[in-house]
Amino acid sequence: MTAPLLSVRDLHVHFPVRRGFFGQTAGMLKAVDGVDLDIEAGQSLALVGESGSGKSTLGAAILGMQKPTAGQIFFEGSDIAAKDSHGQGARLRDIQIVFQDPVSALNPRMDIGDSIAEPLAIHGVGTGQERRRRVAELLELVGLNPAHADRKPNAFSGGQRQRIVIARAIALQPKLLILDEPVSALDVSIRSQILNLLFELQRRFGLSYLFISHDLSVVRHFADRVAVMYLGRIAEIGATADVFARPAHPYTEALLSAVPLPDPVAQRRRQRILLEGDLPSPAAPPAGCRFSTRCPIAADICRDVSPSLQLLAQGHRAACHLRVPEPGTEARTHSG
Ligand SMILES: Nc1ncnc2c1ncn2[C@@H]1O[C@H](COP(=O)(O)OP(=O)(O)OP(=O)(O)O)[C@@H](O)[C@H]1O
Ligand code: SF4
Ligand SMILES: [Mg+2]
Numbered sequence: 001m002t003a004p005l006l007s008v009r010d011l012h013v014h015f016p017v018r019r020g021f022f023g024q025t026a027g028m029l030k031a032v033d034g035v036d037l038d039i040e041a042g043q044s045l046a047l048v049g050e051s052g053s054g055k056s057t058l059g060a061a062i063l064g065m066q067k068p069t070a071g072q073i074f075f076e077g078s079d080i081a082a083k084d085s086h087g088q089g090a091r092l093r094d095i096q097i098v099f100q101d102p103v104s105a106l107n108p109r110m111d112i113g114d115s116i117a118e119p120l121a122i123h124g125v126g127t128g129q130e131r132r133r134r135v136a137e138l139l140e141l142v143g144l145n146p147a148h149a150d151r152k153p154n155a156f157s158g159g160q161r162q163r164i165v166i167a168r169a170i171a172l173q174p175k176l177l178i179l180d181e182p183v184s185a186l187d188v189s190i191r192s193q194i195l196n197l198l199f200e201l202q203r204r205f206g207l208s209y210l211f212i213s214h215d216l217s218v219v220r221h222f223a224d225r226v227a228v229m230y231l232g233r234i235a236e237i238g239a240t241a242d243v244f245a246r247p248a249h250p251y252t253e254a255l256l257s258a259v260p261l262p263d264p265v266a267q268r269r270r271q272r273i274l275l276e277g278d279l280p281s282p283a284a285p286p287a288g289c290r291f292s293t294r295c296p297i298a299a300d301i302c303r304d305v306s307p308s309l310q311l312l313a314q315g316h317r318a319a320c321h322l323r324v325p326e327p328g329t330e331a332r333t334h335s336g
């Protein structure tokens, strides 16, 4: 078996919480707090969870925009999070990002052709003429007219601007794209067009995606695997079809209960699980299971012991004492 393209191991990203006039450190905000995940070459892993669960911070750490507090990030076998890693250079070309907002991602004063060519110029790829040819090819690939390379971003719609951003992201032929809510800022009517484009590019170039989203209905048809994140940790991870058909973690169940079903009869029968309260602060996470303050089935053990990810079925893991008990904990699960 070949190694995954990306392996994240026990990754932590903590931010100091500063208080007072002199900005003393009053504690640590644990945005990412012990995450393990793998992405195979050519596969897409969706990362879902409420706002503030740490999805973008995890993406930023993989990209190298955010320094991890601890842990390892293996890309093609080398630890790119390690200081002096040989993998650092590769990361600059092989891992690219597409953000949510295509308006702020593009310099309004720059021709879009120059924006797309920028990563090529930075990495010294090709002559000016070769770069112009590559820009035309990229524009065509993302469904835009190559003759429009000399236009400014404001000549394009939101969906077209996201196509331009995607063209720039794939200019260096990366292996992994981090897609941080790539369609959330777009009109609902054009979201599926952009998702189709991403799907097509993946099929054509064997790209891998880390697809960050808080919308599970988008993820269902897009991702091979899905990881559900809660307060800096993975609550559940598995093949998308398995997680949707047999969610194990109560948090996943609650998120899925809000996703409309294609079958109207099943939709009418379904019960929405409403989560009470907001996401607790990652600066003061609950003891034991982080979901225990909102979990509808929490028991005593949940407030004392933090569950670790346990294997449920091939490639499907969840962190829940009651649903996937760890060896030796079953006896302590009764409340009261
Ligand atoms: N640079 C930073 N300094 C301090 N705290 C930060 C920083 N970046 C993120 N955080 C905090 O880390 C936590 C996780 O943030 P993050 O942006 O990763 O969440 P998210 O899951 O991407 O949320 P959203 O769905 O809103 O984009 C939040 O509590 C956020 O306030
Ligand atoms: S460990 Fe307990 S609190 Fe956490 S999700 Fe499972 S049942 Fe709920
Ligand atoms: Mg985010």
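Just so you know, my numbering puts 104 at position 104 of the sequence shown, and the rest follows in order with no gaps.
The beta-carbon is built from N, C-alpha and C at its ideal position, and this holds for glycine as well.
Every value quoted in this text rests on a predicted model; they were computed, and no experiment measured them.
- Taken through DSSP and simplified to helix, strand or coil, GLY71 comes out as strand.
- Around the beta-carbon of HIS321, 16 or more other beta-carbon atoms lie within 10 Å, marking it buried.
- Counting only unbroken stretches of 3 or more residues, the beta strand (DSSP E) elements lying wholly within the stretch 207-262 are 208-213, 225-230 and 233-239, in sequence order.
- Under the three-state reduction of DSSP, LEU172 is assigned to coil, being neither helix nor strand.
- With a cut-off of 7 Å, the C-beta of LYS55 is classified as near ligand 1, since at least one heavy atom of the ligand falls inside that distance.
- Ligand 1 never approaches ALA258 closely enough for any of its heavy atoms to be under 7 Å from the residue's Cβ.
- Under the rule that a run must span 4 or more residues, the alpha helix (DSSP H) segments found entirely inside the stretch 63-133 read 87-94, 102-105 and 112-122.
- Taking 8 Å as the upper bound for CB-CB distance, LEU5 and PHE15 are not in contact here, some 28 Å apart.
- Assigned with DSSP and collapsed to three states, VAL165 falls in helix.
- With a threshold of 7 Å, the Cβ atom of SER292 counts as near ligand 2, since some heavy atom of the ligand is closer than that.
- The C-beta distance from SER208 to LYS175 rounds to 6 Å, short enough to meet the 8 Å contact threshold.
- If you ignore the 5 residues before and after HIS316, its C-beta comes within less than 6 Å of the C-beta of GLY238 and ASP242, all in its own chain and listed in chain order.
- Annotation for ASP278 indicates a beta carbon at 7 Å or more from all heavy atoms of ligand 3.
- SER7 is bridged by DSSP to ASP38 and PHE74.
- DSSP places THR25 in the strand class (E or B) of the three-state scheme.
- Between ligand 3 and ILE212, a heavy atom-to-CB distance of less than 7 Å is present.
- Two segments are said to touch when three or more pairs of C-beta atoms, one from each, lie closer than 8 Å; by this definition the stretch 252-259 touches the stretch 215-222.
- Straight through space, the alpha carbons of ARG203 and HIS221 are spaced by roughly 14 Å.
- Here LEU58 carries a helix assignment [DSSP, helix/strand/coil].
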